[in-house]
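Chemist: Please see the structure below; I have some questions.
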Amino acid sequence: MRVIAGIDEVGRGPVIGPMVIAGVSIASHDLEKLKLMGVKDSKKLTHPARIRLAEEIKKIAIRYELVEIPVEVIDRNLLKGVNLNMLEAKFMALIIEKLKPDEVYIGSVDVNADRFKKMIEQHLTKLSVKLNVSHHAEDEYPVVAAASILAKCRREEIINELKQRVGDFGSGYPHDPKTKEFLIKWVKEHGALPPFARKTWKTSKKALQLKLNEALI
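For the sequence shown, counting from 1, position 147 maps to 147 in UniProt numbering; every step adds exactly one.
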């Protein structure tokens, strides 16, 4: 039996919440089932469809892995000069070693797909695997789309739980006025950024600067 895996991530750009990387391994003879199920890039599916498909994917998968990269890990690495591409390559390699596939498909987060492939290979010390890294892999390979669905569902769970605790902060993306307003208000009330915000993001720095400016007036 030949084992094929797909890996994808969500939550790279938001100022709020973790990044989630998912990996799915499936027997090659089951790949066609993903197409028949209607698996496609998670961004092209409704929330209910993602939830339904995530459960179906888990049933036919040999194995799946989810890695949550919390904001403090993202911030700490960026401050050390480890960019998001390097960070993702490290965790994707970890997922590959856990899934132990014969072949794996990954969507490149780097404009240079070959460069990103080499980043991942540097961390693959325990396993020999055929590695395919390309742009828009979630559109071309259903196994990557399956991973994107699992990653998206998990991050949505985390964000929804967070909103139940602290209130609505919008999409959590830097361009969202509601997210910006939430961070500014939080800093005004607490004197610091929330623990679930990425402190290295410009949006966070601006919220802190506004508080500092007010203190100087």
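Don't be surprised by glycine CBs; every beta carbon is placed ideally from N, CA and C.
(1) Along the beta strand (DSSP E) that carries R2, what are the first and last residues, could you check?
(2) If we call anything under 8 Å between Cβ atoms a contact, is I62 one with A27?
(3) Starting from the C-beta of K130, find all residues in its chain whose C-beta is less than 6 Å away, skip the five residues before and the five after it, and write them out in chain order.
(4) If you draw a straight line from the alpha carbon of K117 to that of G6, how long is it in whole angstroms?
(5) Within 10 Å of its beta-carbon, does K205 have 16 or more other beta-carbons around it, so buried, or fewer, so exposed?
(6) Use the C-beta contact count for W201: other C-beta atoms within 10 angstroms, 16 or more gives buried, fewer gives exposed.
(7) Return the bridge partner residues of L131 from the DSSP annotation.
(8) Quick one: measure Cβ to Cβ for P195 and W186, integer angstroms, because I've assumed they're closer than 8 Å.
(9) Mapping DSSP to helix, strand and coil, what is I41?
(10) Please classify R2 as buried or exposed, where buried requires at least 16 other C-beta atoms within 10 Å of its C-beta.
(11) Write down the C-beta distance between E88 and E9 rounded to the nearest angstrom, noting that I regard them as a contact closer than 8 Å.
Modeler: In this structure, then:
(1) If you number the sequence shown from 1, residue 2 lands on position 2. From DSSP, R2 is part of no beta strand (DSSP E); its letter is neither H nor E.
(2) Reading the sequence shown from its first residue, position 62 is the one you call residue 62. Reading the sequence shown from its first residue, position 27 is the one you call residue 27. In contact: I62 and A27 (Cβ atoms closer than 8 Å).
(3) Here residue 130 refers to the residue found at position 130 of the sequence shown. Cβ within range, chain order: E103.
(4) Within the sequence shown, the letter at position 117 stands for residue 117. Within the sequence shown, the letter at position 6 stands for residue 6. Their Cα atoms are separated by approximately 14 Å.
(5) As a working mapping, residue 205 is identified with position 205 in the sequence shown. Result: exposed.
(6) The residue you call residue 201 lines up with position 201 of the sequence shown. Buried, since its Cβ has 16 or more Cβ neighbours within 10 Å.
(7) For the purposes of this step, residue 131 is identified with residue 131 of the sequence shown, where counting begins at 1. In DSSP, L131 forms a bridge with V104.
(8) The residue labelled residue 195 in the question sits at position 195 within the sequence shown. The residue labelled residue 186 in the question sits at position 186 within the sequence shown. Not quite, the Cβ-Cβ distance comes to about 10 Å (not below 8 Å), so this is no contact.
(9) Indexing the sequence shown from 1 puts residue 41 at position 41. A small fix is needed here, since residue 41 is Asp in this sequence, not Ile. D41 falls in the coil class under three-state DSSP.
(10) The residue labelled residue 2 in the question sits at position 2 within the sequence shown. Burial call: exposed.
(11) Taking the sequence shown and counting its residues from 1, one reaches residue 88 at position 88. Taking the sequence shown and counting its residues from 1, one reaches residue 9 at position 9. Right, their Cβ atoms sit about 6 Å apart.
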